[in-house]
Every structure is written in C-alpha cells, then in structure tokens.
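S.K.:
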Amino acid sequence: MSDQNPYRFGPTRGELWFWLWASAGGLALMGVALFLRGLPSGPALAEVIGLAGAVFGYLGGRSIKRLIRREHP
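Per my numbering: the sequence shown = residues 5 to 77.
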C-alpha cells in the first residue's frame, strides 16, 4: 500500500494552476476596488480585506505549496 500515490485523490496540477490564477485575480480585483473606492470603514473593513484576503491568500498559498512540493496526482 505504500507504493500508491498518497495524493491520488487531491487536486490535479491543472486544478492547482487554476486556483493559483483565480486567487491572484481575486486579490488583484480586491486591490483595484480598494484603490478606486478607498479603504472601507467599520465592519466592511473586516469583510472586504479580512475575509476576501484570507480566502484568496489561502487558496494561492496552498496552490503554490502543493505545486512546489509536487503534491498532486
């Protein structure tokens, strides 16, 4: 059982590249929106920067890590 690929059920290389580009695009669009509209105040700050930055940052970081370590089928 040790000769099988442990990542055989994980995302493929193509999916990881897709998520990397999707997260980079999301972070870029968030940056453009912040540049055009300015920094939000109050709870919108946590929603716009915190949640979106965390989601896109996690997806991009996870994709980069898995592509570098070749953790894909």
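Glycine is no exception: its CB is placed at the ideal position from the N, C-alpha and C atoms. All values reported here derive from a predicted model rather than from experimental measurement.
Would DSSP call Ala73 helix, strand or coil?
M.R.: Position 69 of the sequence shown, counted from the start, is the residue given in the question as residue 73. In the sequence on display, residue 73 carries Arg and not Ala. Arg73: helix per DSSP, three-state reduction.
S.K.: Alpha carbon to alpha carbon, how far is Leu24 from Gly65? Give it in angstroms, no decimals.
M.R.: By one-based count along the sequence shown, residue 65 stands at place 61. By one-based count along the sequence shown, residue 24 stands at place 20. For Gly65 and Leu24, the distance between alpha carbons rounds to 8 Å.
S.K.: Can you name, in chain order, every residue of its own chain whose Cβ lies under 8 Å from the Cβ of Ile68, other than the five neighbours on each side?
M.R.: Start at 1 with the first residue of the sequence shown, and residue 68 comes out as number 64. For Ile68, where only same-chain residues beyond five positions count, the Cβ hits under 8 Å are Leu24.
S.K.: How should Arg70 be labelled, buried or exposed, when 16 other C-beta atoms within 10 angstroms of its C-beta is the threshold for buried?
M.R.: Your numbering for residue 70 matches position 66 in the sequence shown. Label assigned to Arg70: buried.
S.K.: Closer than 7 Å to a non-hydrogen atom of the ligand ATP - does that hold for the CB of Val52?
M.R.: This structure lacks the ligand ATP; in fact it carries no ligand of any kind.
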